[in-house]
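For reference, the structure is listed below as structure tokens.
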Amino acid sequence: MNILKQLYQINSYSGSEDEIRRFVLQQVADLPLQFIQDSFGNVFITKGVSESYPCVSAHFDEVHQPCMRNIQELDGIIFAINEKGERVGIGADDKNGIWLALELLKSLDVLKVALFVQEEKSTYEGYRHGSDDCDLTFFNNVKFVLQCDRKGAGDLVTYCTKKEIRLCDDDFVPKWILQKYGYAPVEGGVTDVVHLKGRGLHIPCCNISCGFYNAHQPEEYTNVAELLNCFEFVKMIVLSI
Ligand SMILES: [Zn+2]
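Numbering follows my numbering, in which position 120 of the sequence shown is assigned residue number 104; successive positions increment by one, without gaps.
In structure tokens form, the structure reads like this:
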């Protein structure tokens, strides 16, 4: 989990995503892939050649302001404390999704990855998310988008209640895969794939639990086993659908 802990060490407060983007691009520098960075700072990666691609997505930014983070791992849980021993957030929302994208790029021959800036920014304050304005042509030859930006374990968000947007049918992921990895379709909140669907993206999308808890709070932590299970779940979807 070395790369995951390095991601947690980087502060990527919304609008300050340069360092984490640099780190991510360094991690994939030796892989046979192409990427583009758009004018907003979103990154779109293509590995392999195919008529139609599976795609995973995540967001670069986090809500936590920069501070000293001493990353700890205890009994399969990763969290951070500051110099006073107080708990501080690690931005597992959504660095767990970034870590998954990196690991999937290493293990799969054909994959697209979309990494967005400023997902955490509030539109009520007049901000735009990276996924509000990006060029959608990247998704023209994409089969589906699996975003890993959901708390906890076992949720496959197929419908966004707040925006009343259906992301995919509840039977998009076959039952045997859901059961094997302990996932079930649920209704959930807003993230980049919701913005993409709201803009008219017609392919199935979903948002998947990736093992983080207490998002946006100092007590944020990751359950490593649940994150690893998410990796296997997403990989099985990619290889099966
Ligand atoms: Zn998030």
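We put the beta carbon where it would ideally sit given N, CA and C, even for glycine.
Does ligand 1 have even one heavy atom less than 7 Å from the beta-carbon of residue 272?
Beyond the ends of the chain as shown, which are -15 and 225, falls residue 272; an answer cannot be given.
Just list the beta strand (DSSP E) runs in the region 80 to 160, keeping only unbroken ones of 3 residues or longer that don't cross its boundaries, in chain order.
The region 80 to 160 contains these whole beta strand (DSSP E) runs: 95 to 100, 126 to 134 and 139 to 144.
Taking a contact to mean a Cβ-Cβ separation below 8 Å, would you say residue 228 touches residue 137 in this structure?
For the chain, the structure presents residues -15 to 225; residue 228 sits outside this window and is missing.
Hey, would you say residue 73 sits closer than 8 Å to residue 134, going by beta carbons?
Here residue 73 refers to the residue found at position 89 when the sequence shown is read from its first residue. Here residue 134 refers to the residue found at position 150 when the sequence shown is read from its first residue. Judged by their CB atoms, residue 73 and residue 134 are not nearer to each other than the 8 Å cut-off.
Any beta strand (DSSP E) of 3 or more consecutive residues that is wholly inside the region 10 to 95
Qualifying beta strand (DSSP E) stretches, in chain order: 17 to 21, 27 to 31, 37 to 43, 54 to 58 and 61 to 65.
Any idea what DSSP makes of residue 207, helix, strand or coil?
The sequence position of residue 207 within the sequence shown is 223, counting from 1. Strand, per DSSP.
Just the Cα atoms here: how many angstroms apart are residue 131 and residue 41?
Within the sequence shown, residue 131 is the residue found at index 147, counting from 1. Within the sequence shown, residue 41 is the residue found at index 57, counting from 1. Those two C-alpha atoms are separated by around 5 Å.
Once the 5 residues before and after residue 77 are set aside, which same chain residues still bring their CB inside 6 Å of it?
Numbered from 1 along the sequence shown, position 93 holds the residue referred to as residue 77. Excluding positions up to five away in sequence, the list reads 196 and 199.
In chain order, what residues of the same chain have a beta carbon less than 6 Å from the beta carbon of residue -5, not counting five sequence neighbours either side?
By 1-based counting over the sequence shown, the position of residue -5 is 11. If we look at residue -5 and ignore the five residues flanking it on each side, its Cβ neighbours are 50.
Closer than 5 Å is what we want: which residues have a beta carbon that near any heavy atom of ligand 1? List them in chain order.
Counting every residue whose Cβ lies closer than 5 Å to a heavy atom of ligand 1, we get 77, 78 and 133.
Could you pull out every residue in the same chain whose Cβ sits closer than 7 Å to the Cβ of residue 111, ignoring the five residues on either side in sequence?
Taking the sequence shown and counting its residues from 1, the one referred to as residue 111 is at position 127. Taken in chain order, the residues that qualify are 102 and 105.
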